[in-house]
Ligand code: PMP
Ligand code: GLU
């Protein structure tokens with residue numbers, strides 16, 4: 002007899018995290034692996050944030066906090082949302098959790114009954130379908146158009162009486178594409194006319210090169226009421242290990258999310274919350290160099306990767322989604338790792354099996370090596 006639940010048995014490990022672990026193990030065994038798997042900034046958390054956290058510990062701010070997170074952090078998030086995204090929220094409409102991943106999980110736990118459907122646009126970040134399934138929901142995949150964005154005609158055919166929500170992720174993981182205002186308006190119209198929720202994952206909003214980020218919730222009061230904005234400090238401030246993410250939503254949703262959090266993790270770490278407060282309060286000046294560096298790397302890859310490799314044009318995040326003459330993604334990723342020591346993530350884990358994802362959140366030296374090796378592979382095989 003298995004002691005494990007069907008839920009646990011059905012779950013696949015996170016491909017991004019497990020491939021990152023594998024690449025690190027191979028590197029530790031002495032192989033010269035270039036690791037383009039995981040999406041986390043290679044920069045260190047800015048010193049000022051660390052110092053603020055150390056001071057927080059020394060001041061003895063080491064106890065449980067309110068379920069929704071400390072008030073000063075929620076107030077700072079409200080100020081940020083108003084100033085940068087044109088969104089007016091009250092602190093009671095914000096819930097801070099252990100990373101945006103946990104925020105998303107809390108939302109699905111809060112809104113899904115068994116059999117409820119969530120529309121997930123393909124290609125998707127690996128964890129969306131797993132989270133929806135873990136919370137008893139059914140992921141329903143929606144096709145992409147020639148720009149790798151949501152095919153709005155397809156969404157319309159996928160909405161049923163069971164549809165609870167649609168996920169929107171811009172800038173996108175795994176493609177790096179960024180939605181235009183008119184495209185977001187079209188998605189908002191669909192959400193409003195079908196009275197479903199939009200879970201708007203905006204964790205890469207600051208890592209954007211050619212455009213402005215637009216939060217779908219900022220388009221009108223009507224869509225704001227149907228949107229749960231998800232964001233965090235992991236990517237923007239190079240704080241992945243601190244585990245702070247948040248949601249902004251109508252009070253009734255925030256209250257249920259806080260109730261679930263109160264019975265599970267209580268709240269995120271008090272120290273990380275203070276560090277996130279400092280980061281959000283200080284804002285842009287802490288990460289401008291990092292964004293400029295990501296842009297330099299993106300431009301380097303576009304200029305130097307073999308022209309035989311096709312990809313949607315990346316305008317944000319730190320990913321590129323590459324197609325090598327339609328070679329199957331598992332095979333391609335395996336061959337690049339074994340033959341060229343370049344670690345990537347197969348597109349199959351993002352719902353598209355003839356693409357692979359590379360993350361350029363790694364230094365220029367590694368990227369130069371990666372380009373050399375990938376182009377060599379292309380020369381030998383395409
Ligand atoms: N959403 C997307 C699209 C992501 O790529 C990530 C990266 N892990 C997250 C959410 C979660 O980030 P975190 O939990 O570190 O805040
Ligand atoms: N979001 C990042 C990625 O896609 C981090 C790993 C994860 O949480 O999946 O690589």
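Residue numbers (this note's numbering): 2 to 383.
Positions of the beta carbon are idealized from the N, C-alpha and C atoms, including for glycine.
Bridge partner(s) assigned by DSSP for residue 268: Along the chain shown, one-based indexing puts residue 268 at 267. Answer is none; residue 268 lacks a bridge partner.
Beta strand (DSSP E) segment containing residue 165, residue limits: Here residue 165 refers to the residue found at position 164 when the chain shown is read from its first residue. Note, residue 165: beta strand (DSSP E), 164-170.
Opposing strand residues paired with residue 95 [DSSP bridges]: Looking up residue 95 in the chain shown gives position 94. Bridge partners of residue 95: 249.
According to DSSP, residues forming a beta bridge with residue 317: Start at 1 with the first residue of the chain shown, and residue 317 comes out as number 316. Answer by DSSP bridge pairing, in chain order: 209.
DSSP three-state assignment for residue 179, whether helix, strand or coil: Numbered from its first residue, the chain shown carries residue 179 at position 178. Residue 179 falls in the coil class under three-state DSSP.
Beta strand (DSSP E) runs wholly inside the stretch 56-88, at least 3 long, in chain order: None, since the stretch 56-88 contains no complete beta strand (DSSP E) of that length.
Residues near the ligand PMP, criterion Cβ-heavy atom distance below 6 Å: 40, 100, 101, 102, 126, 170, 174, 202, 204, 233, 235, 241 and 246
Between the CA atoms of residue 236 and residue 318 - distance to the nearest angstrom: Walking along the chain shown from the start, residue 318 turns up at place 317. Walking along the chain shown from the start, residue 236 turns up at place 235. Taking the straight line joining both Cα atoms gives about 9 Å.
Outcome for residue 14 when other beta-carbon atoms lying within 10 angstroms are tallied against a minimum of 16: Taking the chain shown and counting its residues from 1, one reaches residue 14 at position 13. Exposed, since its Cβ has fewer than 16 Cβ neighbours within 10 Å.
Completely contained beta strand (DSSP E) runs for the stretch 309-362, where each covers 3 or more residues: 320-323 and 357-360
Residues that DSSP places opposite residue 300 in a beta bridge: Along the chain shown, read from residue 1 onward, the residue named residue 300 stands at position 299. DSSP output for residue 300 lists no bridge partner at all.
Assigned secondary structure, residue 130 (DSSP; H/G/I helix, E/B strand, else coil): In the chain shown, counting from the first residue as 1, residue 130 sits at position 129. Residue state, collapsed to three classes: helix.
Boundaries (first-last residue) of the alpha helix (DSSP H) holding residue 201: Numbered from 1 along the chain shown, position 200 holds the residue referred to as residue 201. Residue 201 -> not in any alpha helix (DSSP H); beta strand (DSSP E) instead, spanning 198-202.
Buried versus exposed call for residue 86 [16 or more other C-beta atoms within 10 Å across all chains shown]: As a first step, residue 86 is located in the chain shown; it is residue number 85 there, counting from the start. With 16 or more other Cβ atoms within 10 Å, it is buried.
Whole-angstrom distance between residue 232 and residue 385, CA atom to CA atom: Look at the range of the chain in this structure, 2 to 383, and you will see that residue 385 is not part of it.
Which residues DSSP lists as bridging residue 140, in chain order: Taking the first residue of the chain shown as 1, we reach residue 140 at position 139. Note: residue 140 sits in a beta bridge opposite 119.
Validate contact between the stretch 257-277 and the stretch 285-299 using beta carbons, cut 8 Å, 3 pairs: no
6 Å CB neighbourhood of residue 75 in its chain, flanking five on each side removed: In the chain shown, residue 75 corresponds to position 74, counting from 1. Cβ within range, chain order: 92 and 95.
Euclidean distance between Cα positions of residue 264 and residue 256: Taking the first residue of the chain shown as position 1, residue 264 is located at position 263. Taking the first residue of the chain shown as position 1, residue 256 is located at position 255. Each residue's Cα considered, the two are about 13 Å apart.
For residue 151, the residue or residues it bridges with in DSSP: Indexing the chain shown from 1 puts residue 151 at position 150. Note: residue 151 sits in a beta bridge opposite 145.
Residue 158 to residue 200 span [Cα, whole Å]: In the chain shown, the residue the question calls residue 158 occupies position 157. In the chain shown, the residue the question calls residue 200 occupies position 199. Answer to the nearest angstrom: the Cα atoms are 19 Å apart.
Three CB pairs or more closer than 8 Å across the stretch 182-196 and the stretch 53-69: no
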